[in-house]
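For reference, the structure is listed below as structure tokens.
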């Protein structure tokens with residue numbers, strides 16, 4: 356497996372695991388002792404904004420710097 360493919364798969368796994376994490380706490384913690392609704396929304400928005408930055412960084416690295424060491 357190429358490193359670029361691995362890093363893209365890793366990005367999808369990161370996104371999926373964080374979304375599942377917050378969804379699980381939303382469904383399990385009905386009394387909101389661990390996370391408030393606002394914290395869950397902030398976490399989901401953060402990860403949805405950060406993951407595209409990660410993918411862009413990986414793509415730009417392999418577009419401009421791959422093999423130029």
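Residue numbers (the working numbering): 356 to 424.
Heads up, the beta-carbon is just placed ideally off N, CA and C, and yes, glycines get one too.
Every value quoted in this text rests on a predicted model; they were computed, and no experiment measured them.
By the Cβ rule, the region 365 to 372 counts as touching the region 397 to 417, because three or more pairs are nearer than 8 Å. Annotation for residue 391: no alpha helix (DSSP H) segment contains it, and DSSP assigns it neither H nor E.
Excluding residues up to 5 positions away in sequence, 359 lie with their Cβ nearer than 7 Å to the Cβ of residue 417 in the same chain.
Cβ atoms of residue 395 and residue 419 stay farther apart than 8 Å, at about 37 Å.
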